[in-house]
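**Q**
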Amino acid sequence: ELFNNIQSASSILGVDKEFAGQLNSVQQNFPPIKVSKKYGGIQEWIEDYDETEPQHRHFSPLFGLYPGTTITKENPLLITAANNTLNRRLVSQEDRAGWSWAWMINLYARLPNGDKAEDALNQLLKRSTQNNLMNNEPFQIDGNFGATAGIAEMLLQSQSGVIALLPALPAAWKNGEIIGLKARGNVDISMKWNDGELVKATIKSLNDTNLNVKYGLKTIKLRMKKNETVELNGMLKKVMIIK
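Per the numbering used here, the very first residue in the sequence shown carries number -6; after that it's consecutive.
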């Protein structure tokens, strides 16, 4: 993830090309992400060791799913393995801190599985949140920040170069509205949905840019100018353009 990010930044900014090339060369020697033959989950180590604590509250093998971008739906085998790792970790829910529940929200949002993400959010509120909404066990701010990040991740994702609207909306959130989410590329997104279906999306780009916007199985391309705002309906058809 780190090497990919540096190489991407080098390309965008047009700097440090030699260093980025060195990283790319070194990266070729990294072991690939593997699926454990023993457990069917994401293999945590370079060898397929027995897990000492398979139900532990950490999800380190799934960093590539969230917050990383190396485990994606473009590789269904890895997505299935990531889901298996989550299920294996979740056999026991007792020894789990707020930050762990928060990470789980985001992981399920990326799978995507909105209902399980929502269940993890409810568990965080039930088990790891004080009356003042601060995370406990003891207070850890990543439980709070991670939970709000997870809510945003359920409603909007843009890590793959596509702005996905309501990618992991749980059934329990039947009707709703969100204002001012930020997608990658400096794009502001607001949405409204009824009966679990997108009604409208308002997209404002703060740069001249080309966007790919997805809802469900449909993807459209938008060419937008700086500070232009576009309103889309639930079918991703333009309703209004505001300069």
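Where is the CB? At the ideal position from N, CA and C, for every residue including glycine.
From a predicted model like this one, the values you see are computed outputs, not experimental measurements.
Three or more C-beta pairs closer than 8 angstroms, one from the stretch 177 to 189 and one from the stretch 139 to 154: is that the case here?
**A** Segments in contact, yes.
**Q** Leaving out the 5 sequence neighbours to the left and right, which residues in its chain are closer than 7 angstroms to glutamine 108 when beta-carbon positions are compared?
**A** What you label residue 108 is simply residue 115 of the sequence shown in a count that begins at 1. As written in the sequence, residue 108 is aspartate, which differs from the glutamine given in the question. For aspartate 108, where only same-chain residues beyond five positions count, the Cβ hits under 7 angstroms are Pro163, Ala164.
**Q** Tell me whether tyrosine 42 is buried or exposed, calling it buried when 16 or more other Cβ atoms sit within 10 Å of its Cβ.
**A** On the sequence shown, position 49 is the one that residue 42 refers to. Exposed, by the Cβ-count rule.
**Q** Quick one: complete beta strand (DSSP E) runs, 3+ long, within the stretch 56 to 99?
**A** Listed in chain order, there is nothing to give.
**Q** What does a CB cutoff of less than 7 angstroms around lysine 167 pick up in its chain, not counting 5 residues either side in sequence?
**A** For this step, residue 167 is matched to residue 174 along the sequence shown. Asp188, Gly189.
**Q** Under the three-state reduction of DSSP, which class applies to lysine 214: helix, strand or coil?
**A** Taking the first residue of the sequence shown as position 1, residue 214 is located at position 221. DSSP places lysine 214 in strand when its eight states are reduced to three.
**Q** From the DSSP output, in three-state form, read off tyrosine 32 for me.
**A** Along the sequence shown, read from residue 1 onward, the residue named residue 32 stands at position 39. Coil at tyrosine 32, not helix or strand.
**Q** For glycine 209, which of Leu199, Leu158, Asp181 has the nearest alpha-carbon?
**A** Mapped onto the sequence shown, residue 209 falls at position 216. Checked all of Leu199, Leu158, Asp181; the closest Cα to glycine 209 is Leu158.
**Q** Rounding to the nearest angstrom, what Cα-Cα distance links tyrosine 32 and leucine 70 in this structure?
**A** As a working mapping, residue 32 is identified with position 39 in the sequence shown. As a working mapping, residue 70 is identified with position 77 in the sequence shown. Whole-angstrom Cα-Cα distance: 13 angstroms.
**Q** How should glutamine 116 be labelled, buried or exposed, when 16 other C-beta atoms within 10 angstroms of its C-beta is the threshold for buried?
**A** Here the question's residue 116 lines up with position 123 in the sequence shown. It counts as buried.
**Q** Going by DSSP in three states, methionine 228 sits in which element: helix, strand or coil?
**A** Residue mapping note: residue 228 aligns to position 235 of the sequence shown, counting from 1. In this structure, methionine 228 counts as coil in the three-state DSSP scheme.
**Q** On the three-pair Cβ rule with 8 angstroms, is the stretch 192 to 201 touching the stretch 213 to 222?
**A** Short answer: they touch.
**Q** Near isoleucine 72, which residues of its chain fall below 6 angstroms by C-beta distance, leaving aside the five closest residues on each side in sequence?
**A** Within the sequence shown, residue 72 is the residue found at index 79, counting from 1. Excluding sequence neighbours, isoleucine 72 sits near Lys66.
**Q** Spell out the partners DSSP gives lysine 207 in its beta bridges.
**A** For the purposes of this step, residue 207 is taken as the residue at position 214 of the sequence shown. According to DSSP, lysine 207 bridges with Ala157, Thr212.
**Q** Distance, Cα to Cα, histidine 49 vs leucine 83?
**A** Here residue 49 is taken as the residue at index 56 of the sequence shown, counted from 1. Here residue 83 is taken as the residue at index 90 of the sequence shown, counted from 1. So the alpha carbons of these two residues sit roughly 8 angstroms apart.
**Q** In terms of DSSP beta bridges, what is serine 183 paired with?
**A** Locating residue 183 in the sequence shown gives position 190, where the first residue counts as 1. DSSP, once it has assigned bridges, lists Thr195 as partnering serine 183.
**Q** Apply the 10 Å Cβ neighbour rule to phenylalanine 52 and answer buried if 16 or more other Cβ atoms are within range, or exposed otherwise.
**A** As a working note, residue 52 is residue 59 in the sequence shown. When all chains shown are included, phenylalanine 52 counts as buried.
**Q** Using a Cβ-Cβ cutoff of less than 6 angstroms, which residues in the same chain neighbour glutamate 146 once the five nearest sequence positions on both sides are dropped?
**A** In the sequence shown, residue 146 corresponds to position 153, counting from 1. Correct list, in chain order: Asn99, Ala102.
**Q** Assuming valine 223 and lysine 231 form a contact by the criterion Cβ under 8 angstroms, report the distance between their Cβ atoms to the nearest whole angstrom.
**A** Numbered from its first residue, the sequence shown carries residue 223 at position 230. Numbered from its first residue, the sequence shown carries residue 231 at position 238. The pair is a contact, with the Cβ atoms about 6 angstroms apart (cut-off 8 angstroms).
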